[in-house]
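Student: Below is a structure I'd like to ask you about.
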Amino acid sequence: MAEVLKVDVRTSRGKHFARRMRKAGSIPGVLYGHGEKTVALTVPAAALEAALRHGSRVVELAGGVSQSALILDLQWNTWGTEVIHVDFARVSADEVITVTIPIELRGEAPGVKAGGVIEHLLHEVEVVCKATAVPEKLKANVNHLELGGVIRLGDLEVPGGGKCEGDLETIVVQCVEPTAMPEEEEEAAAAGEAEPEVIGGRKEEEGEEA
Amino acid sequence: MALMPKRVKHRKSQRGRIKGDATRGNHVVFGDFGLQSTQGGWVSAATIEAGRIAAQQYLRTEGRLYIRVFPHKSVTSIPLETRMGKGKGEPDFWAAVVRPGTVLYEIGGVTEEAAKICFARLAHKMPVRVRMIRRRPM
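As they're listed, the protein sequences go chains A and B. The first sequence begins at 1 in my numbering and counts up one residue at a time. The second sequence begins at 211 in my numbering and counts up one residue at a time.
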């Protein structure tokens with residue numbers, strides 16, 4: 001069951017209205033897709049943040065617009081603490097959509113006990129699935145990951161019958177030997193007073209020689 | 211080896227002004243946790259390296275540290291007991307220009323508690339106020 005977001009249709013435009021709206025606890029948004037007219041909306045900030053916290057990607061819009069919609073894009077403030085704008089894309093229940101889903105590691109890898117380090121290389125993946133069955137996250141189980149072992153995109157299970165897009169040979173997580181820290185003495189020796197090469201700095205050198 | 215560009219168009223740069231907040235490089239991309247600057251300033255190559263060593267000594271072989279800033283700017287200085295004038299000084303050190311919101315370091319593959327301790331050690335080295343952040347949901 002998708003979360004319900006109560007939205008209002010917005011007629012005001014511009015940064016001044018948007019700022020006032022944010023101060024009042026609403027976030028400006030937009031709804032588009034399916035060849036229909038684009039609608040400007042306002043969404044309650046608390047409700048949207050709750051939906052994001054719960055990992056919802058497809059929401060049910062109610063109020064000014066009654067429609068299923070995918071949270072397609074978010075704009076954040078500089079500090080990554082508040083959403084300042086949201087894009088919704090219209091979706092129907094039986095529609096197959098492409099969404100970006102986070103990948104989460106689960107378990108403890110035996111390779112770590114053997115002295116290895118887990119490297120999580122791919123944090124998000126595009127998944128093609130039905131709009132009604134969008135997974136919150138993909139779980140990569142590392143319980144069997146030995147030193148030198150890898151988990152590839154093709155190894156991940158997508159709940160709800162979806163499938164991952166992209167090269168299935170892409171490494172999601174690997175257990176590798178730790179890279180040795182350079183010795184401090186070596187570092188000190190290497191830290192000379194060298195200067196970077198100047199592009200087109202020939203004239204200066206010639207001048208110095210003359 | 212100290213961080214500095216390999217090739218530059220000009221050896222010396224003007225001082226410049228740091229205006230506004232970071233609009234890019236302001237969220238966690240590679241790791242799980244990040245150290246975000248809340249002030250603007252210059253972070254020298256030596257400071258970046260000191261931070262890396264402080265973090266690496268705590269992490270040892272666990273996890274992975276990502277450095278998200280690079281010292282592209284050369285800072286010049288005039289030698290002591292020199293009369294003013296006679297042109298601009300020689301490059302003294304290299305620095306990264308940091309706007310408020312810039313993510314300086316990231317850590318992946320460790321628990322939140324470990325990342326918190328590591329960043330606390332690292333924050334002592336920084337010339338700007340910093341805070342720890344997590345990955346954004348989208």
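Even for Gly, the Cβ is constructed at its ideal location relative to N, Cα and C.
Mind listing, in chain order, the continuous alpha helix (DSSP H) runs of no fewer than 4 residues lying wholly within the stretch 215-299 of chain B?
Tutor: 255-269
Student: So who's on the other strand from MET21 of chain A, going by DSSP bridges?
Tutor: None, per the DSSP bridge assignment.
Student: Is there a C-beta anywhere in chain A that falls below 8 Å from the one on VAL218 of chain B?
Tutor: yes
Student: For GLY311 of chain B, which residues in the same chain have their Cβ closer than 6 Å to its Cβ, ignoring the five residues on either side in sequence?
Tutor: ASP231, ALA232, ASN236
Student: For the stretch 327-345 of chain B, list every residue whose C-beta sits within 8 Å of some C-beta in chain A, in sequence order.
Tutor: ILE343, ARG345
Student: Which of helix, strand or coil does DSSP assign to LYS6 of chain A?
Tutor: Under the three-state reduction of DSSP, LYS6 of chain A is assigned to strand.
Student: Which bits of chain A does ARG274 of chain B rub up against, with CB to CB less than 8 Å?
Tutor: VAL117, GLU119
Student: Cα separation between GLY64 of chain A and ALA2 of chain A?
Tutor: 18 Å
Student: Just to confirm before moving on: does the CB-CB distance between ILE103 of chain A and LEU122 of chain A stay below 8 Å?
Tutor: yes
Student: Between the stretch 263-277 of chain B and the stretch 194-201 of chain A, are three or more C-beta pairs nearer than 8 Å?
Tutor: With a cut-off of 8 Å on Cβ pairs, the stretch 263-277 of chain B is not in contact with the stretch 194-201 of chain A, counting fewer than three such pairs.
Student: Apart from the five residues on each side of it in sequence, which residues of its chain come closer than 7 Å, Cβ to Cβ, to ALA210 of chain A?
Tutor: A caution first: ALA210 of chain A carries a pLDDT of 42, below 50, which makes its placement in the model unreliable, though a value can still be read off. Excluding sequence positions up to five before and after ALA210 of chain A, its CB lies less than 7 Å from no other CB in the same chain.
Student: Compute the Euclidean distance between the alpha carbons of ILE171 of chain A and GLN224 of chain B, then round it to the nearest angstrom.
Tutor: 44 Å
Student: I think THR257 of chain B touches LYS335 of chain B, with their Cβ atoms under 8 Å apart; what is that distance to the nearest whole Å?
Tutor: 6 Å
Student: Since I believe VAL285 of chain B is in contact with PRO337 of chain B (beta carbons under 8 Å), could you give me their beta-carbon distance rounded to a whole number of angstroms?
Tutor: Their Cβ separation, rounded to whole angstroms, is 13 Å, which puts PRO337 of chain B and VAL285 of chain B out of contact at 8 Å.
Student: Go ahead and label ALA240 of chain A buried or exposed: buried means 16 or more other beta carbons lie within 10 angstroms of its beta carbon, across all protein chains shown.
Tutor: No statement about residue 240 of chain A is possible, as the shown extent of chain A runs from 1 to 210 and does not include it.
Student: For VAL127 of chain A, tell me which candidate among A:VAL176, A:HIS120, A:VAL96 has the shortest Cα-Cα distance.
Tutor: A:VAL96
Student: Between the stretch 273-302 of chain B and chain A, which residues of the former have CB atoms less than 9 Å from a CB of the latter, in chain order?
Tutor: GLY273, ARG274, SER284, PRO301
Student: Between the C-alpha atoms of LEU156 of chain A and GLY319 of chain B, what's the straight-line distance to the nearest angstrom?
Tutor: 19 Å
Student: Could you check the C-alpha separation between ARG20 of chain A and ALA40 of chain A for me, to the nearest Å?
Tutor: 16 Å
Student: For chain A, is any of its Cβ atoms less than 8 Å away from the one on ALA265 of chain B?
Tutor: no
Student: Given a threshold of 16 other Cβ atoms within 10 Å of its Cβ, counted over all protein chains shown, does ASP167 of chain A qualify as buried or as exposed?
Tutor: exposed
Student: Taking 7 Å as the line, does the beta carbon of ALA51 of chain A fall inside it for any heavy atom of the ligand MG?
Tutor: Summarising the ligand content, the structure contains no ligands, and the ligand MG is consequently not present.
Student: Pick from B:LYS229, B:LYS326, B:GLU291, B:HIS282: whose alpha carbon is nearest that of ARG218 of chain B?
Tutor: Per the sequence shown, residue 218 of chain B should be read as Val rather than Arg. Considering only alpha carbons, the answer is B:HIS282.
Student: Report the neighbours of PRO110 of chain A on chain B: residues whose CB is nearer than 7 Å to its CB, in chain order.
Tutor: Correct list: empty, because the minimum Cβ distance to chain B is about 15 Å.
Student: Rounded to the nearest angstrom, what separates ALA306 of chain B and VAL279 of chain B at their Cα positions?
Tutor: If you take the alpha carbons of ALA306 of chain B and VAL279 of chain B, they lie about 6 Å apart.
Student: Going by C-alpha distance, which of B:GLY226, B:ALA265, B:GLN246, B:LYS229 is nearest ILE327 of chain B?
Tutor: B:ALA265
Student: What residue ranges within the stretch 90-159 of chain A form continuous beta strand (DSSP E) runs of no fewer than 3 residues, ordered along the chain?
Tutor: 96-106, 117-120, 124-130, 138-141, 150-152
Student: Check distances from the C-beta atoms of the stretch 165-179 of chain A to those of chain B and list, in chain order, the residues that come in under 9 Å.
Tutor: GLU177, PRO178, THR179
Student: Secondary structure at ILE204 of chain B, three-state DSSP: helix, strand or coil?
Tutor: The requested residue 204 of chain B does not occur in the structure, where chain B is confined to residues 211 to 348.
Student: Name, in chain order, the residues that DSSP records as bridge partners for ILE317 of chain B.
Tutor: Per DSSP, the beta bridge partners of ILE317 of chain B are B:PHE243, B:LEU275.
Student: Classify ASP242 of chain B as buried or exposed, calling it buried when 16 or more other Cβ atoms lie within 10 Å of its own Cβ.
Tutor: Flag for ASP242 of chain B reads buried.
Student: Under the assumption that ALA133 of chain A contacts GLY115 of chain A (Cβ atoms under 8 Å), give the Cβ distance between them as a whole number of angstroms.
Tutor: About 40 Å; that fails the 8 Å criterion.
Student: Could you work out which residue in B:ALA325, B:PHE240, B:THR292, B:GLN246 is closest to VAL161 of chain B when comparing CA atoms only?
Tutor: Nothing in the structure corresponds to residue 161 of chain B, since chain B is present only between 211 and 348.
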